[in-house]
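Asks:
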Amino acid sequence: MDCMEAQLKMQAVLDNELDEKEIPAVMTHMEGCYPCRQEYIEFLRLQRRLSGASPKEPPKEWFEQLEKQKFRKGFRRLGFFFFIGSYLLLLGYFLFQFFTDGTEALAVRILSGGILAGAAILIIITLSDRLKESRDDKYKGVMK
Ligand SMILES: [Zn+2]
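Residue numbering for the sequence shown follows numbering that gives the first Met the number 0, beginning at 0 and increasing consecutively.
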């Protein structure tokens, strides 16, 4: 659904003229589209001014929930990068100690290197998945 369609249907929702089955699609578009959400809020205000009360207004929690989701997502990303960042630094530190003090046998060092390389590959894959995920994020750009 594009913005023009969404905004036409959103007016129909407010006028109680849209098929119930179509309402979720309009709501879904608005959840991912800041301009349409603002437009909807404007429509609501206008309608309230014209008619007093609006029967189709979503609960205030609906809008608050959207904001919370955005915060939670941001914090989750922050936590993830703190975790991975610290982990990598610590790993680098131990790696340096381990391979430079020379007390371990060569085979142990080689095998440990293999384990660490495997872990690094897994981390890189996870990170690139995360990056891709955030690039496909439909909320991206919402706060502009
Ligand atoms: Zn839109």
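Ideal placement from N, C-alpha and C gives every residue a C-beta, glycine not left out.
To the nearest angstrom, how far is it from the Cα of Ser182 to the Cα of Asn15?
Replies: Any property of residue 182 remains undetermined from this structure, which presents the chain solely from 0 to 143.
Asks: Does any heavy atom of ligand 1 sit closer than 7 Å to the C-beta of Ala5?
Replies: As a first step, residue 5 must be located in the sequence shown, where it is residue number 6. At least one heavy atom of ligand 1 is nearer than 7 Å to the Cβ of Ala5, so yes.
Asks: If you draw a straight line from the C-alpha of Gln46 to the C-alpha of Phe80, how long is it?
Replies: To locate residue 46, count along the sequence shown from 1; it is residue 47. To locate residue 80, count along the sequence shown from 1; it is residue 81. Distance between the alpha carbons of Gln46 and Phe80 is about 44 Å.
Asks: Check whether the Cβ of Pro185 sits closer than 7 Å to any heavy atom of ligand 1, and report yes or no.
Replies: The first residue shown for the chain is 0 and the last is 143, placing residue 185 beyond what the model contains.
Asks: Could you give the residue range of the alpha helix (DSSP H) that holds Cys32?
Replies: In the sequence shown, the residue the question calls residue 32 occupies position 33. Segment: none, Cys32 is in no alpha helix (DSSP H) and carries neither H nor E.
Asks: Using a Cβ-Cβ cut-off of 7 Å (strictly less than) and excluding sequence neighbours within five positions of His28, which residues of its own chain qualify?
Replies: Residue mapping note: residue 28 aligns to position 29 of the sequence shown, counting from 1. The answer, listed in chain order, is Met0, Ala5, Cys35.
Asks: Report whether the distance from the Cβ of Gln58 to the nearest heavy atom of ligand 1 is below 7 Å.
Replies: To locate residue 58, count along the sequence shown from 1; it is residue 59. Per the sequence shown, the amino acid found at residue 58 is Pro instead of Gln. No, the beta carbon of Pro58 sits no closer than 7 Å to any heavy atom of ligand 1.
Asks: Should Lys8 go down as buried or exposed, given a rule of 16 or more other Cβ atoms within 10 Å for buried?
Replies: By 1-based counting over the sequence shown, the position of residue 8 is 9. By the neighbour-count rule (16 or more Cβ atoms within 10 Å), Lys8 is buried.
Asks: Mark Val12 as exposed unless 16 or more other C-beta atoms lie within 10 angstroms of its C-beta, in which case mark it buried.
Replies: Translated into positions along the sequence shown, residue 12 becomes position 13. That one is buried.
Asks: Would you report the Cα separation of Phe98 and Ala118, rounded to the nearest angstrom?
Replies: Here residue 98 is taken as the residue at index 99 of the sequence shown, counted from 1. Here residue 118 is taken as the residue at index 119 of the sequence shown, counted from 1. The alpha-carbon atoms of Phe98 and Ala118 are separated by roughly 17 Å.
Asks: If you follow the alpha helix (DSSP H) that Asp135 is in, where does it begin and where does it stop?
Replies: Position 136 of the sequence shown, counted from the start, is the residue given in the question as residue 135. Here Asp135 belongs to no alpha helix (DSSP H), and DSSP marks it neither H nor E.
Asks: Does DSSP put Pro58 in a helix, in a strand, or in coil?
Replies: For this step, residue 58 is matched to residue 59 along the sequence shown. Three-state result, Pro58: coil.
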